[in-house]
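Chemist: Structure provided below as structure tokens; questions to follow.
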Amino acid sequence: MKLLNQIERLLCVILLAAIVGLVFMAAIMRTFGVPVIWSVDVAQMLFAWLAMLAADQTFKHSEHAAVDIITRRLQPRAQQAFSNLFDILMISVLGLLLWFGIVLFGANPDRTLGSTSISYQWVTLAVPVGAALMIITLLQRLLSRHRISQGQAGL
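With numbering that gives the first Met the number 0 applied, the sequence shown covers 0 to 154.
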């Protein structure tokens, strides 16, 4: 799983650099009166993928915004139970996102991305792939928490 994390992180860096490069190139070319029509469409597609992959990276490193005013006052065991409940709720929501992302992917077979000939399915595919990656991350976190609590219970 470490390899998957490294690949995912590298993809985020590459996607962000590509987006910045495309938008910068489009701005420069437009300044010279030679607009690159497809660049914004491709940048938007790359942004959809970046958003989903970066969301998984955020989950992996627990860097998402959290409101812990109440939970930090709880006992450690209650904090763990609350975290588990939150993760299970997130898995449920992401399961719906995965399902409807697959439906959306199948609903647009002939649509193209703006002025390009790229299939719009490449954009919609980011949703189920990202949701699946986040579900895997949350399941790993739940399993890790469970193993830690079992180890502490055995002491």
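Quick reminder that beta carbons are idealized off the backbone N, C-alpha and C, glycines included.
Since the structure is predicted, the reported quantities are computational estimates derived from the model, not experimental observations.
Do the CB positions of LEU124 and PHE99 come within less than 7 Å of each other?
Modeler: Taking the sequence shown and counting its residues from 1, one reaches residue 124 at position 125. Taking the sequence shown and counting its residues from 1, one reaches residue 99 at position 100. Going by C-beta atoms, LEU124 is not nearer than 7 Å to PHE99.
Chemist: Report the partner residues of SER118 according to the DSSP bridge assignment.
Modeler: As a first step, residue 118 must be located in the sequence shown, where it is residue number 119. Answer by DSSP bridge pairing, in chain order: THR111.
Chemist: Between VAL35 and MET24, how many whole angstroms is the CB-CB distance? I'm expecting something under 8 Å.
Modeler: Taking the sequence shown and counting its residues from 1, one reaches residue 35 at position 36. Taking the sequence shown and counting its residues from 1, one reaches residue 24 at position 25. With a Cβ gap of about 6 Å, VAL35 and MET24 count as contacting.
Chemist: Can you look up MET133 in the DSSP assignment and give me helix, strand or coil?
Modeler: Translated into positions along the sequence shown, residue 133 becomes position 134. MET133 falls in the helix class under three-state DSSP.
Chemist: HIS145 by DSSP, collapsed to three states: which one?
Modeler: Here residue 145 refers to the residue found at position 146 of the sequence shown. Residue state, collapsed to three classes: helix.
Chemist: Around the C-beta of ILE13, are 16 or more other C-beta atoms found within 10 angstroms, so that it is buried, or is it exposed?
Modeler: Taking the sequence shown and counting its residues from 1, one reaches residue 13 at position 14. Exposed: under 16 other Cβ atoms inside 10 Å.
Chemist: For the alpha helix (DSSP H) holding ARG29, just list the boundary residues, first then last.
Modeler: Stepping through the sequence shown from its first residue, residue 29 is reached at position 30. ARG29 -> alpha helix (DSSP H) spans 1-30.
Chemist: Comparing C-alpha positions only, which one of ALA17, LEU10, HIS145, ALA16 sits nearest to ASP86?
Modeler: In the sequence shown, the residue the question calls residue 86 occupies position 87. Ranking the options by Cα distance to ASP86, first place goes to HIS145.
Chemist: Between which residues of its own chain and LEU73 is the CB-CB distance below 8 Å, once the five residues before and five after are set aside?
Modeler: Within the sequence shown, numbered from 1, the residue matching residue 73 stands at position 74. Excluding sequence neighbours, LEU73 sits near PHE81.
Chemist: Compute the distance between the beta-carbons of LEU137 and ILE101, then report whether it is under 7 Å.
Modeler: As a first step, residue 137 must be located in the sequence shown, where it is residue number 138. As a first step, residue 101 must be located in the sequence shown, where it is residue number 102. Contact: no.
Chemist: When the Cα of SER61 is compared with those of ALA16, PHE31, MET133, which residue comes out closest?
Modeler: Indexing the sequence shown from 1 puts residue 61 at position 62. Comparing Cα positions, the closest option is MET133.
Chemist: Hey, VAL22 and ALA53: beta-carbon distance below 7 Å or not?
Modeler: Numbered from its first residue, the sequence shown carries residue 22 at position 23. Numbered from its first residue, the sequence shown carries residue 53 at position 54. Not closer than 7 Å, so no.
Chemist: What did DSSP end up calling SER61 once you bin it into helix, strand or coil?
Modeler: Translated into the one-based positions of the sequence shown, residue 61 becomes position 62. Coil at SER61, not helix or strand.
Chemist: Report the CB separation of GLN56 from GLU7 in whole angstroms; it is logged as a contact under 8 Å.
Modeler: For the purposes of this step, residue 56 is identified with residue 57 of the sequence shown, where counting begins at 1. For the purposes of this step, residue 7 is identified with residue 8 of the sequence shown, where counting begins at 1. Contact holds; Cβ gap of about 6 Å.
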